[in-house]
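Residue numbering for the sequence shown follows the working numbering, beginning at 12 and increasing consecutively.
No residue lacks a Cβ here, since even glycine has one placed at the ideal position from N, Cα and C.
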Amino acid sequence: MAADEAVRTVVDDYVGLYRRDTLAEWRTLFLPTFTSISTNPGGSITVRSLDEFYDSQARGFARAKDMSETLENIVIERSGRMATAWADFVFHQDGTSRRGRLLLTLVQTGGHWRIAGLLFSY
12 MAADEAVRTV
22 VDDYVGLYRR
32 DTLAEWRTLF
42 LPTFTSISTN
52 PGGSITVRSL
62 DEFYDSQARG
72 FARAKDMSET
82 LENIVIERSG
92 RMATAWADFV
102 FHQDGTSRRG
112 RLLLTLVQTG
122 GHWRIAGLLF
132 SY
């Protein structure tokens, strides 16, 4: 598989595997050193490790009847063994939706592309 196609597959799996029944598989898309950063109203930020980010998502699926995310306007840029994916996203939960913007950073390691970081804002 071409590198650009492999990056796109990881980005597609980021939303495609984001389901209650495939959440453990979704976790494998991320490097163990993954960091998530989100901006908050008032100017603060929230920084989470992979475990903290994953646990937050698992709690969300445990309490939500329906939860998913879709990406729009995806722009992927690759340079060697690193890549970025910018996208607008729509987070859906129990009949409500919130729009935001995200940036995924990806690296190729051990022949596989993995998500190294996520920056997002609603």
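Residue i - DSSP class collapsed to helix/strand/coil
i      : result
Asp99  : strand
Thr20  : helix
Ser49  : strand
Leu40  : coil
Ala13  : coil
Gly121 : coil
Gly27  : helix
Arg74  : helix
Close Cβ partners of residue i (< 7 Å) along its chain, the five nearest in sequence each way excluded
i      : result
Arg38  : Tyr65
Val21  : Leu40, Leu117, Trp124, Ile126
Asp105 : Ala75, Lys76, Asp77
Environment of residue i [buried if 16+ CB atoms lie within 10 Å]
i     : result
Glu80 : buried
Arg56 : Checking the sequence shown, residue 56 turns out to be Ile, not Arg. Label assigned to Ile56: exposed.
Val58 : exposed
Val18 : buried
Residue i versus residue j - alpha carbon distance
i     : j      : result
Thr95 : Ser47  : 14 Å
Asp99 : Leu114 : 9 Å
Asp23 : Gly54  : 30 Å
Sequence-distant residues of the same chain with beta carbon closer than 6 Å to residue i, five excluded per side
i      : result
Phe102 : Glu80, Arg109
Leu130 : Ile48, Leu114
Given residue i as reference, the closest of the options once Cα atoms are compared
i     : options                    : result
Asp32 : Gln68, Ser60, Arg89        : Gln68
Leu28 : Asp15, Thr44, Asn51, Phe72 : Phe72
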